[in-house]
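Peer 1: In the working numbering, the protein residues as written are 21 to 96.
#1: Note the first and the last residue of the continuous alpha helix (DSSP H) segment covering residue 29.
#2: Residue 35 and residue 83 look like a contact to me (Cβ under 8 Å); what is the Cβ gap, rounded to whole Å?
#3: Taking the alpha carbon of residue 28 as the reference point, which residue from 85, 96, 95 has its own alpha carbon closest?
#4: Hey, would you say the C-beta of residue 68 is under 8 Å away from at least one heavy atom of the ligand FMN?
#5: Under the three-state reduction of DSSP, which class applies to residue 88: helix, strand or coil?
#6: How long is the line joining the alpha carbons of residue 38 and residue 74, rounded to whole angstroms?
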């Protein structure tokens, strides 16, 4: 496997992680709309949502970095 194939595989893995996080986000956002939750429970869920959004953003940045690296390898 060459460097470009390796980078492509990493991108695909990260895209899969993003889809997984999006599924978790959807579930957590559904929970937070439950009117039977206490304020503490809502706050905990909102913190979880924030952490998931941050993880998603981290993977997006990682993908962009890998794509840039792949472009550099094409140009080399």
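The beta carbon of each residue, even a glycine, is placed where N, CA and C say it ideally should be.
Peer 2: This is what the structure gives:
#1: 23–52
#2: 7 Å
#3: 85
#4: Looking for the ligand FMN in the displayed structure turns up nothing, as the structure carries no ligands at all.
#5: helix
#6: 11 Å
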